[in-house]
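One structure below.
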Amino acid sequence: MTSKRHVNATLLDNNKLSGSIPSALGLLNTLEVLRFDNNAQLTGPVPTNLNNLTRLTELHLANCNLTGPLPDLTGMNELMYMNNNSFSSSLFE
4 MTSKRHVNAT
14 LLDNNKLSGS
24 IPSALGLLNT
34 LEVLRFDNNA
44 QLTGPVPTNL
54 NNLTRLTELH
64 LANCNLTGPL
74 PDLTGMNELM
84 YMNNNSFSSS
94 LFE
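Counting from 4, one number per residue, gives the positions in the sequence shown under my numbering.
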C-alpha cells in the first residue's frame, strides 16, 4: 500500500539558522504555512519560486537579514510577516 505524504507546514522560526532560504521549498506545492522568522543569520534573497506555493496562507520572514528584491507574491493575500529585513523592493510596487 502506498500512501501520499504532503508537507503542510514548515516551522523553522527561532532556530538560529544561517545561510539562505532553499529554493527547493518552492517545490512543496501543498505547503500552507512557512515560518523562518527570528533567524537573524538568515541572509540573501527570498527565492523567486515561492510564488509557486499557491496554497500558502502564512509566510513569516520577519526579523531575519534577508535582502534583494521580493518575488512576485501577489497571489498570496493572507498573512505575511516580513518586517525588519533589508529588501530592495516592496510587495506593492
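No residue lacks a Cβ here, since even glycine has one placed at the ideal position from N, Cα and C. Note that the coordinates shown come from a computational prediction; the quantities given were computed from them, not determined experimentally.
Between the CA atoms of residue j and residue i - distance to the nearest angstrom
i, j, result
"Thr-46", "Phe-39", "11 Å"
"Gly-71", "Tyr-84", "16 Å"
"Thr-57", "Ser-92", "21 Å"
"Phe-90", "His-9", "31 Å"
"Pro-74", "Ser-26", "12 Å"
C-beta atoms of residue i and residue j nearer than 8 Å
i, j, result
"Thr-60", "Val-36", "yes"
"Leu-34", "Val-49", "no"
"Leu-69", "Asn-86", "no"
Option in the options with minimal Cα separation from residue i
i, options, result
"Leu-31", "Asn-42, Asn-54 and Gly-78", "Asn-54"
"Asn-11", "Asn-87, Leu-28 and Asn-86", "Leu-28"
Contacts around residue i, its chain only, beta-carbon distance under 8 Å, and the 5 residues preceding and following it disregarded
i, result
"Asn-42", "Leu-15, Asp-16, Asn-17, Asn-18, Lys-19, Leu-20, Ser-21, Asn-66 and Cys-67"
6 Å Cβ shell around residue i - same chain, five flanking residues per side excluded
i, result
"Met-79", "Leu-59"
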